[in-house]
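Notes follow once the structure below has been shown.
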Amino acid sequence: MRGHALTKFLSLFAAAALIAAACGIGVQAQTPDATPATKEQAVAMVQKAVAFIKAQGPEKGYAAIDDKSGQFVQGDLYIAVVGFDGTLLAYGTDAADHVGDNVMNLKDTDGKEVVKERLELAKQEPSFWQSYKFMNPVTKTVEPKQMYCERLDETVVCGGVYQ
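Numbering of the sequence shown is given in the numbering used here, commencing with residue 147 and proceeding in unit increments.
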């Protein structure tokens, strides 16, 4: 009987895994990845985050984005959501330290007003790329970054690559 139960369990597990794969649902280990993210990965993750927020609502969506070991954090690629008032609504790295803060006046190391520029771009375009310098959470150094963003209602959802 035990063998039959185990076989049945493994068959059900395999079927669930096939369904999950067909639906694009995956389970990935969230270990620090030394391989830098690509632009294609950034676009795909932002689109996935936008779809998730639309489907699950902001509360669940932002909680998923804030989860450092979740689906919206992969190596140096993570999602950030900023409201049009400058409030950081979700952040895939150091969320507890910054979510809820107004980051409107955030500047990069060159003095560029990153969030102000991002919000202006979001008001003009439904999606765009933004360049600035920022701390890479994997290398712990300030590096050039390109951020892909999509407007979602009165927010902007972004994920970027370091160069």
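Heads up, the beta-carbon is just placed ideally off N, CA and C, and yes, glycines get one too.
On a predicted model such as this, the values are computed, not experimentally measured, just so you know.
Cβ separation of residue i and residue j, assumed to be a contact under 8 angstroms, to the nearest whole Å
| i | j | result |
| --- | --- | --- |
| E296 | V192 | 5 angstroms |
| A197 | Q220 | A197 to Q220, Cβ: 17 angstroms. No contact. |
| N222 | V284 | The residue you asked about is not Asn; residue 222 is Asp in the sequence shown. 4 angstroms between Cβ atoms; contact. |
| I225 | C304 | 7 angstroms |
| L267 | F230 | Not quite, the Cβ-Cβ distance comes to about 12 angstroms (not below 8 angstroms), so this is no contact. |
| K279 | D256 | 6 angstroms |
Where residue i falls, given that 16 or more other Cβ within 10 Å makes a residue buried
| i | result |
| --- | --- |
| G238 | buried |
| T181 | exposed |
| T301 | buried |
| V173 | In this prediction, V173 has a pLDDT of 32, which is less than 50 and means its spatial position is unreliable; what the coordinates show is noted afterwards. Label assigned to V173: exposed. |
| A236 | buried |
| Q202 | exposed |
| K206 | exposed |
| Q309 | exposed |
| N282 | buried |
| D247 | exposed |
| A195 | buried |
| K286 | exposed |
| A209 | exposed |
| K185 | exposed |
| K291 | buried |
Residue i beta carbon near the ligand SAH (any heavy atom closer than 6 angstroms)
| i | result |
| --- | --- |
| Y308 | This structure does not include the ligand SAH; it has no bound ligands of any sort. |
Beta-ladder partner(s) of residue i, from DSSP
| i | result |
| --- | --- |
| N292 | Residue identity differs from the one stated: residue 292 is Gln in this sequence, not Asn. Paired residue(s): S277, V307. |
| T301 | G229, L298 |
On the three-pair Cβ rule with 8 angstroms, is the segment 189-209 touching the segment 258-270?
-> no
Is the segment 267-274 touching the segment 242-253, taking contact as three or more C-beta pairs under 8 angstroms?
-> Between the segment 267-274 and the segment 242-253 there are fewer than three C-beta pairs closer than 8 angstroms, too few to call the two in contact.
Please specify which runs of the alpha helix (DSSP H), each continuous and at least 4 residues long, are wholly inside the segment 219-264, giving them in chain order.
-> You should have 241-244.
Counting only runs of 4+ residues fully inside the segment 183-214, write out the alpha helix (DSSP H) ranges in chain order.
-> 185-202, 204-212
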